[in-house]
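Enquirer:
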Amino acid sequence: MQKVTMYYKQTCPYCVRAEKLLRERGVADFEKISIDTNREQRAAMIERSGGRTTVPQIFIGHEHVGGCDDLMALDREGKLVTMLGA
């Protein structure tokens with residue numbers, strides 16, 4: 012399974028939804044990076060995501076997936092499970 016990384020904020024409902032979907036698709040363990048109080052991690056997220064400032068920002072392997080809506084769209088298209096297993 013590919014490594015999954017998610018930048019998040021603790022009070023973000025989209026982050027909770029994205030995490031729930033990932034777990035439903037069999038991702039038991041993934042890296043969650045809080046940007047609530049860590050400016051360095053927030054800056055890293057913005058750079059790594061090509062300038063996006065909203066959370067969550069999700070990466071599967073080295074590929075930037077985007078946010079919660081992007082993750083759900085991948086799932087609806089049947090591409091998420093394939094990406095996770097690649």
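Residue numbers (this note's numbering): 12 to 97.
Glycine included, each C-beta is placed from N, C-alpha and C at the ideal position.
The structure displayed is predicted, hence computed values, not measured ones.
So who's on the other strand from residue 15, going by DSSP bridges?
Expert: According to DSSP, residue 15 bridges with 71.
Enquirer: Okay, do the segment 78-89 and the segment 45-55 touch, 3+ Cβ pairs below 8 Å being the bar?
Expert: Segments in contact, no.
Enquirer: Rounding to the nearest angstrom, what Cα-Cα distance links residue 96 and residue 74 in this structure?
Expert: Roughly 13 Å separates the two Cα atoms.
Enquirer: Looking at the structure shown, is residue 92 part of a helix, part of a strand, or coil, going by DSSP?
Expert: Of the three classes helix, strand and coil, the one that applies to residue 92 here is helix, per DSSP.
Enquirer: Is residue 38 helix, strand or coil when you go by DSSP?
Expert: It is coil, neither helix nor strand.
Enquirer: How far does the alpha helix (DSSP H) with residue 52 in it reach, from first residue to last?
Expert: Element bounds for residue 52: 50-59.
Enquirer: Between which two residues does the alpha helix (DSSP H) containing residue 87 stretch?
Expert: Residues 79-87.
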